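*Asks:* Below you will find the structure I want to go over with you.
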Amino acid sequence: YHDKTESIGDVIEALPHWLDIKTVQFNITEEEQDAMRQLLNTSNLADRDFVHETPFTRHEGGVLVTKVLWPNANHLLKKSLCAAKAAYNQFVNYDFVIFTTLPWTMEQVEDLGRVVAPAKLIVATEGPTLEEHLASMKSDELKFLKERCINEHNPKNITWFHKCTEPGFNGGMNTLAYCWQAEFRAAHLWTHPALKDYKYMIWLDADAVCSKTWDKDPIDAMVKNNLTIMFTEFKGRTGSEELRTKMLKTYGKAPICYNAIQNDTYTSKQICDTEKVNFRQFGGFFHVTNLDVFRAERHQKFLKEFVGDYKFSRKWDDQLAVTIVPSMEDISRVWRLRSHDFKLMVNHHNEYDGVKQERVGMAKTNAWWREMIERNWTAGRLLCKYCFRQ
């Protein structure tokens with residue numbers, strides 16, 4: 399690889415005016431080369447075997463993706479992306495795409511790019527500025543948003559950090575930025591220009607951290623089995639009758655009202671004209687997704703109706719979106735990771751792979767890494783030792 403840095407936001411025609419894409423790709427350092435040599439000679443057989451003869455096949459169109467609000471999240475990303483590199487990407491070298499609400503400087507992109515090297519890093523703005531969002535809203539929509547967000551604790555000028563209520567939603571108060579990320583991940587992610595060259599996406603939340611070298615390749619499984627999605631566990635459920643209306647309007651048939659795992663196989667029920675909707679959602683922090691499925695016209699029609707015109711809503715979020723679309727396809731193409739022996743051990747919210755019974759036991763990531771992970775995981779210790787000192 400050659401060291402290279404480029405900004406392509408202004409040279410691609412027919413792209414939205416707000417789009418800024420910065421791309422960097424670096425060689426690995428001499429120190430990392432030395433770490434790889436150490437891995438070849440390690441007494442940890444699992445690490446050594448993976449370095450000697452990788453079991454993974456690189457497929458065209460693979461990508462690892464996440465999203466943050468701003469460059470201040472760089473310290474989280476360094477931990478998450480470096481651990482993903484040590485666990486998996488050192489063998490397949492897929493690009494990393496980071497979506498951001500607020501723009502990054504090239505220096506900030508380069509700083510993170512050195513962590514994921516030799517993979518390519520792409521940092522892309524995901525949509526218009528907040529001011530442009532607000533300017534595009536109708537007067538009654540803006541009035542409603544101010545009623546949700548402005549009170550004695552919040553100033554009159556709405557910012558991404560305002561905490562807003564949402565009538566009819568029991569999720570409490572959420573920042574405007576958090577509401578927007580739910581809408582972006584539900585509806586806008588799939589057709590974003592930064593993902594146009596990719597088909598198979600590993601979505602990894604910025605605070606999700608791998609803890610071991612993976613022994614199975616999820617993208618390879620997606621390709622060989624023509625899957626639509628691989629998910630961790632169910633997280634939450636919906637009983638909203640509005641969902642029935644949205645699905646009837648776009649798909650033209652009775653909506654899914656029930657889903658479950660039975661004998662390690664995903665199942666759902668679609669003949670639901672009169673039954674109450676009681677639908678479980680796939681966890682959103684980690685999933686492996688066929689982007690082309692979500693880009694299909696009928697699913698795009700649904701996703702636009704799904705988020706609707708209600709700007710900055712938390713109710714219709716990404717977890718439900720990534721559940722509905724694959725469930726409207728052949729459900730044999732939906733896999734739960736653990737049902738197919740994918741034990742990736744990704745730490746998120748004090749659980750491994752979203753399994754409630756597999757508690758991490760330590761809430762602080764740096765302490766967890768130092769006391770439970772680095773001494774047992776040679777690749778993580780050698781490749782990511784600086785990332786967990788911040």
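Position one of the sequence shown corresponds to residue 399 (my numbering), numbered consecutively onward.
Glycine is no exception: its CB is placed at the ideal position from the N, C-alpha and C atoms.
Remember, it's a predicted structure, so these values are computed and weren't measured experimentally.
(1) Look up Ala522 in the DSSP assignment and give the residues it is bridged to.
(2) For a quick check, are the C-beta atoms of Val422 and Gly511 less than 8 angstroms apart?
(3) Please go through the segment 587-663 and give each complete alpha helix (DSSP H) segment of 4 or more residues, from N-terminal end onward.
(4) Around the Cβ of Thr721, are there at least 16 other Cβ atoms within 10 angstroms (buried) or fewer (exposed)?
(5) To the nearest angstrom, how far is the alpha carbon of Tyr784 from that of Thr498?
(6) Between the alpha carbons of Lys674 and Lys518, how many angstroms are there, rounded?
(7) By a C-beta neighbour count over all protein chains shown, 10 Å radius and 16 as the cutoff for buried, is Tyr598 buried or exposed?
(8) Rounded C-beta distance between Leu474 and Phe494? I'm assuming under 8 angstroms.
(9) Quick one: give me the first and last residue of the alpha helix (DSSP H) that Asn472 is part of.
(10) Between the segment 625-632 and the segment 724-742, do three or more beta carbon pairs fall short of 8 angstroms?
(11) Just the Cα atoms here: how many angstroms apart are Ala584 and Gln717?
(12) At the level of alpha carbons, what is the spacing between Gly650 and Gly460?
(13) Quick one: what does DSSP say Leu462 is sitting in, helix, strand or coil?
(14) Looking at the structure shown, is Cys577 part of a helix, part of a strand, or coil, going by DSSP?
(15) Got a sec, what are the start and stop residues for the beta strand (DSSP E) Lys544 sits in?
(16) What span of residues does the alpha helix (DSSP H) with Arg779 cover, start to end?
(17) If you draw a straight line from the C-alpha of Phe757 to the C-alpha of Asp671, how long is it?
(18) Look up Val686 in the DSSP assignment and say whether it is helix, strand or coil.
(19) Taking just the CA atoms, how far does Met504 sit from Thr665?
(20) Under 8 angstroms, do Phe704 and Ala694 count as touching if we go by C-beta distance?
(21) Which complete beta strand (DSSP E) runs does the segment 684-758 hold, if anything under 3 residues is left out?
(22) So, helix, strand or coil for Asp447, using DSSP?
(23) Per DSSP, what kind of secondary structure is Cys670 in: helix, strand or coil?
(24) Under DSSP, the alpha helix (DSSP H) around Arg768 begins and ends at which residues?
(25) In terms of alpha-carbon separation, which member of Tyr750, His747, Asn688 lies closest to Pro724?
(26) When we look at the beta-carbon of Lys541 and count the other beta-carbons within 10 Å, is it buried (16 or more) or exposed?
(27) From Val744 to Asp715, what distance separates their C-alpha atoms?
(28) Less than 8 angstroms between C-beta atoms, sequence neighbours within five positions excluded: which residues of the same chain meet that for Asn661?
(29) How would you call Phe559, buried or exposed, if buried means at least 16 neighbouring beta carbons within 10 angstroms?
(30) Which residue or residues does DSSP assign as beta-bridge partners of Phe680?
(31) Under DSSP, the alpha helix (DSSP H) around Leu528 begins and ends at which residues?
(32) Please state if the CB of Arg712 and the CB of Gln679 are separated by a distance shorter than 8 angstroms.
(33) Can you tell which of Leu780, Ala575, Phe677 has its C-alpha closest to the C-alpha of Arg435?
(34) In terms of residues, what are the limits of the alpha helix (DSSP H) holding Arg456?
(35) Return the residue from the list His747, Thr527, His746, Lys709 that minimises the CA-CA distance to Pro414.
(36) Give the DSSP bridge partners of Lys561, in chain order.
*Replies:* Well, looking at it:
(1) Ile419, Phe497
(2) Against a cut-off of 8 angstroms, the Cβ pair of Gly511 and Val422 comes out as a contact.
(3) Within the segment 587-663, the runs of alpha helix (DSSP H) at least 4 residues long that lie entirely inside it are, in chain order, 616-623, 639-649.
(4) buried
(5) Taking the straight line joining both Cα atoms gives about 24 angstroms.
(6) 47 angstroms
(7) Tyr598 is buried by the Cβ-count criterion.
(8) Contact between Leu474 and Phe494 is absent: CB atoms are separated by about 14 angstroms, not below the 8 angstroms threshold.
(9) 472-482
(10) yes
(11) 8 angstroms
(12) 33 angstroms
(13) Here Leu462 sits in strand by DSSP.
(14) helix
(15) Unbroken run through Lys544 is the alpha helix (DSSP H), 537-547; no beta strand (DSSP E).
(16) 776-782
(17) Before going further, note that residue 757 is Arg rather than Phe in the sequence given. Looking at the two C-alpha atoms, the distance is approximately 39 angstroms.
(18) strand
(19) 46 angstroms
(20) no
(21) 684-688, 732-734, 744-746, 753-757
(22) Here the model assigns Asp447 a pLDDT of 49, short of 50, so the residue's position is not dependable and the matter cannot be decided.
(23) coil
(24) Per DSSP, Arg768 belongs to no alpha helix (DSSP H) and is neither H nor E.
(25) Comparing Cα-Cα distances from Pro724 to each of Tyr750, His747, Asn688, the minimum goes to Asn688.
(26) exposed
(27) 22 angstroms
(28) none
(29) exposed
(30) In the DSSP output, where bridge partners are listed per residue, Phe680 has Phe632.
(31) 528-534
(32) In this structure, Arg712 does not lie closer than 8 angstroms to Gln679 by Cβ.
(33) Leu780
(34) Where Arg456 is concerned, there is no enclosing alpha helix (DSSP H), given that its DSSP letter is neither H nor E.
(35) Thr527
(36) Thr573
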